[in-house]
Amino acid sequence: MDLPSNSRPSEISDGLLSYPYWAKIFILIYFQNIHLQSRYFEYSFGTPATTQTQSYRLSFSRFSPSLSVVSFTATEALNTSYRLDIELTSADADLPLSSYINQAAKFTVTPVSSDALGLIEGMIAPQALKEWSGIITSCEKLSVSADETRYRMVLEPRIAALKHHRTSRLFQNQNVPDIISSLLKHHGFSGVDFRFNTSREYGVREYVTQYQESDFAFINRLCEEEGIWYAFEQNAQYGDVAVFGDDAAHYFRNHTSLYPYRPHGGLESVGEEAVFALQVKHNPILESIRVGDYNYRDADTDLSSAVTAKGTDTDSSVLLGSDSHWGLHQKTPEEARLQTALLQQLDHSRRIVASGSGNITALSPGQVFQTAPAFSEAPNGWLAVSLTHSGSRDQAYSHTFTAIPADSIFRPERITPLPKIQGSLPARVTSPGNYTYAYIDNMGRYRVKLPFDLDEWSPGGESRPIRLAKPYAGPDYGQHFPLHEGTEVMLSFVQGNPDRPYISGVMHDSSHPDHVPADWNTRNVIRTWANNKLRMEDKQGQEHIKLATEYGKTQLNLGHIVDSQRQKRGDNGEGFELRTDSWGAVRAGKGLFISADAQNQAAGQVLDMDAAIAQMEQALSLAKSLNKAAHTAKNEATEAEEQAGRLNDSLKRLQRSGIIQSAPDGIATATPQSQLHTAGQHIHHISGGDTDISAGNNFTAHAVESVNLFAQSKGAKLQANQGKVEIQAQNDEMQINALKDTTITSSAGKVTVAAKDEILLTSGGAYIKIKDGNIELGCPKMVWVKCAGFQVMGPSSISNLLPILPNNQQQKETMGIQIKRIGTQEITGISLDYKLKTAGDETLFSSTTQNENGLGGEHDKEQIYASSYLLIGKESDGWQLFVYEVDNHEGN
């Protein structure tokens, strides 16, 4: 058998298939003696590179390129993706590198003997010692020669592809594991590609914003905030599997091994895995950690929390410094305590850090391992935190690593920056469908649609409830203008945190134009959605204020009063106007002063009523003067003194609730209907000049007591142009007196003087008495009868009908009771008992009287009003009570 010394393994393997089994063994022994003395060899179909102890292979699921590994470097750590930089050679100078990007691949480290034994049919090679699955994220062509081309490829786990997905989106009402799961599933990860091992319940986050950061950075940031670590398992079926954990119990302990600690002084250890070097560093820990924040929804709750390392089993000599955090966005005291615990665990997990080197191929981040001999700092082993692996054709596999004691709880460093939104972002107010008015909650918060949010949400659920910053606020008071759907708002953020937005301003835009056009550069306007408005005009010479609502077209116009075209409303359109198409009321509980007296430039006191008081005092002076004259004339005086007291005690300066009207040039009231002037006590009319009362129809004056008319200097006239003049003293005497002559004439008729009892004419002692049908003449001196004739006849009389005067004396008011059966005519001739009782069951009266209108009678009106109910006959008969006024003058 002739085997050329330069035969490649692939050529040998093809020929071996035709030889017997014993020949295969012989050929392999020969091959190893001749060819394995070199440092490496290549497979065209598997393309490994080998050292004396390891073989390196890069394989693809879809390709079988002719590649040979020259060297590799792999870096991996907890809470980050691993990265393998692999240099390779190939006889193909034009590999389609772009086709390899994002392709699934696997890098393995296996014992070198497996390559030789694998050539023999029926013999199984041992499993790989180390492997990384993932995708190719970068390819380079490094150099080209006549024999080979050198390439570099980068292998990373599938989750590393999320570094290339940068976006902004919102997550609402989810906890962190759920957010991460939904994000991974969005990128095609299934339930076998990742898993969560958690030891506590994670609180639901109301609102989480991913703002202009990659999905990978977003996941890392959430894990760091919640103290979640993650690492990767290599699964033969599913490849790289991301494992998330939050406790020491979740470390990878299924491969826990005891490895010798064997410093070799730089000599390569052949065929045995060991830890070559291990340095242990002790760091100080913080003496205290404090967090604090503010939650406006529970403003009185203290959200600060502090922990200290004093008093624990920690050596006080290692305590150094303190740390304070504000604004970690904890919303409850429980969340504050959780944050301090996580921060303290993070600090304590870095207290002891080991760094070393070795060649343990199974070691990976999250793996627990132990050394022999053990170190006192880690009696329960070490947790691998980070590793850097390397190997090449002429250098055996080795790595460097960092580790912490395995009984420490690892918490990731908070190194992923929280995105900051500097300035503000535009957004639009939203509401549920067909919502007419502003959609706010009981804290005055709104929902908005952010411009970068492309997800679909139910109407009104596009964001968390967001507060509106206002220029003025306080407990149960402040300024409020509701924002309607579609309104553009500007969002600002507490400490720039995207998760803590608030509305800092409201803007107009092309879809919602400003209500103040360009030519309104002098107007200040507040106008609401329903056109309620407050307008303040600053234009010189036209300054005015308008407060108006469309309901009833109710307005208060002050200053220069203009119409909708900005034109002055009439020549006198100045001052103020209070108007409405509906009802109006002017009410002042302590008094009201209505004045047309000038008070230039708003100078003077509010209740400056000197002019009005002077006018009233002048009127009172006139009233007192006339009272004195009337008293001299034996006439009744007016209540001038009482009016003066009321003026001083009540009306002056409105010391009590009164109304004073004053105008220097007159006061007029007018209505096409009726006017009513009423007073519970007195009405005084005093004028320094004439008092004129005119009526188009009747003039009627009634008084319960007396009517007094007194004219001091020019007399009194009572005239009727048409109709009778009647003067009656219905229940008393009548006196007509004059200082001088008294004339009674009838210009076109007769004068009749009649009396029921007696008529007496007398002057100077002489008299004529007419009484009982007799005429008696008497005088102290002479009686002259001058006539053309004198005739004496028999008895005669004239009957003159005296008028019957009404009996208008004040009587006790009574009420009549009329009883009727429902739905029938009035009843007569029936006697029925009835009883009127008070609410206290006192019988006021009872009667069985009968009258022409049914059963009833007249009773005291006050008793009727004070009564409660009427009992009539049998309850089953259905009687009804009617009450009516009794007209005593008509005899009813």
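Just add 32 to wherever you are in the sequence shown, counting from 1, and you've got the numbering used here.
For every residue, glycine included, the Cβ atom is placed at its ideal position computed from N, Cα and C.
Given the structure is predicted, the values throughout are model-derived calculations rather than measurements.
Return helix, strand or coil for residue i, following the three-state DSSP convention.
{"i": "M648", "result": "helix"}
{"i": "Y328", "result": "helix"}
{"i": "L68", "result": "Note that L68 has pLDDT 36, beneath the 50 cutoff, so the model's placement of it is unreliable and no number is given."}
{"i": "R198", "result": "strand"}
{"i": "I191", "result": "helix"}
{"i": "S76", "result": "Because the pLDDT at S76 is just 31, under 50, the model does not fix this residue reliably, and the value given afterwards should be weighed accordingly. S76: coil per DSSP, three-state reduction."}
{"i": "T664", "result": "helix"}
{"i": "N659", "result": "helix"}
{"i": "H282", "result": "helix"}
{"i": "P533", "result": "strand"}
{"i": "G810", "result": "strand"}
{"i": "D147", "result": "Bear in mind that the predicted position of D147 carries a pLDDT of just 43, short of 50, making it unreliable; the figure below should be weighed with that in mind. Note: D147 maps to helix in three-state DSSP."}
{"i": "V400", "result": "strand"}
{"i": "R294", "result": "coil"}
{"i": "I558", "result": "strand"}
{"i": "S653", "result": "helix"}
{"i": "R479", "result": "strand"}
{"i": "P827", "result": "coil"}
Looking at residue j and residue i, is the spacing between their C-beta atoms short of 8 angstroms?
{"i": "Y234", "j": "E265", "result": "no"}
{"i": "G492", "j": "Y471", "result": "yes"}
{"i": "Y183", "j": "S122", "result": "yes"}
{"i": "A309", "j": "S231", "result": "no"}
{"i": "Q760", "j": "L837", "result": "yes"}
{"i": "R479", "j": "T519", "result": "no"}
{"i": "A416", "j": "S289", "result": "no"}
{"i": "A386", "j": "T432", "result": "no"}
{"i": "T468", "j": "E494", "result": "no"}
{"i": "A368", "j": "Y293", "result": "no"}
{"i": "Q135", "j": "F284", "result": "no"}
{"i": "A655", "j": "I718", "result": "yes"}
{"i": "N556", "j": "D541", "result": "no"}
Quick one: residues in its chain with C-beta nearer than 6 angstroms to the C-beta of residue i, no 5 flanking neighbours on either side, listed in chain order?
{"i": "Q376", "result": "I321, V339"}
{"i": "R383", "result": "N315, I317"}
{"i": "H67", "result": "With a pLDDT of 38 at H67, under the threshold of 50, the predicted position of this residue should be treated as unreliable, though the coordinate-derived value follows. Within the same chain, H67 has no close Cβ partners at all."}
{"i": "H547", "result": "R559"}
{"i": "F442", "result": "W261, S381"}
{"i": "R496", "result": "E238, Y239"}
{"i": "I862", "result": "Residue confidence is low: I862 scores 46 on pLDDT, short of 50, so the model does not pin down where it sits. Its coordinate-derived value is still stated next. Taken in chain order, the list of residues that qualify is empty."}
{"i": "F139", "result": "L90, L116, W164, L187"}
{"i": "D355", "result": "L318, I321"}
{"i": "F203", "result": "I211, V240"}
Residues in its own chain within less than 7 angstroms of residue i by CB, not counting five upstream and five downstream?
{"i": "I699", "result": "Q693"}
{"i": "G821", "result": "none"}
{"i": "E245", "result": "R198, P451"}
{"i": "L360", "result": "V323, D325, Q371"}
{"i": "K927", "result": "For the chain, the structure presents residues 33 to 924; residue 927 sits outside this window and is missing."}
For the alpha helix (DSSP H) containing residue i, list its first residue and its last residue.
{"i": "Q377", "result": "365-381"}
{"i": "F221", "result": "Element bounds for F221: n/a, residue is neither H nor E."}
{"i": "I251", "result": "247-258"}
The beta strand (DSSP E) spanning residue i covers which residue range?
{"i": "S131", "result": "Not the beta strand (DSSP E): S131 falls in the alpha helix (DSSP H), residues 129-132."}
{"i": "F308", "result": "307-314"}
{"i": "S337", "result": "337-340"}
{"i": "S389", "result": "384-390"}
{"i": "E609", "result": "606-611"}
{"i": "R227", "result": "226-229"}
{"i": "I836", "result": "I836 -> no beta strand (DSSP E), and no H or E assigned at all."}
{"i": "D355", "result": "354-358"}
{"i": "A5", "result": "As displayed, the chain neither begins before 33 nor continues past 924, which places residue 5 out of reach and without an answer."}
{"i": "Y799", "result": "798-803"}
Have a look at the DSSP bridge pairing and note the partners of residue i.
{"i": "K173", "result": "Y183"}
{"i": "W261", "result": "G277"}
{"i": "K162", "result": "V141"}
{"i": "T586", "result": "T581"}
{"i": "W414", "result": "F401, P437"}
Please list, in chain order, all residues of the same chain as residue i whose beta carbon is under 8 angstroms from its beta carbon, the five residues on each side excluded.
{"i": "A192", "result": "S113, R115, G166, I167, T169, F248"}
{"i": "Y534", "result": "I498, R499, L500, A501, L523, S524, F525, V526"}
{"i": "A786", "result": "N832, L834"}
{"i": "N65", "result": "Reliability of the predicted coordinates at N65 is poor, the pLDDT of 42 falling under 50, and the value obtained from them is presented with this limitation in mind. Taken in chain order, the list of residues that qualify is empty."}
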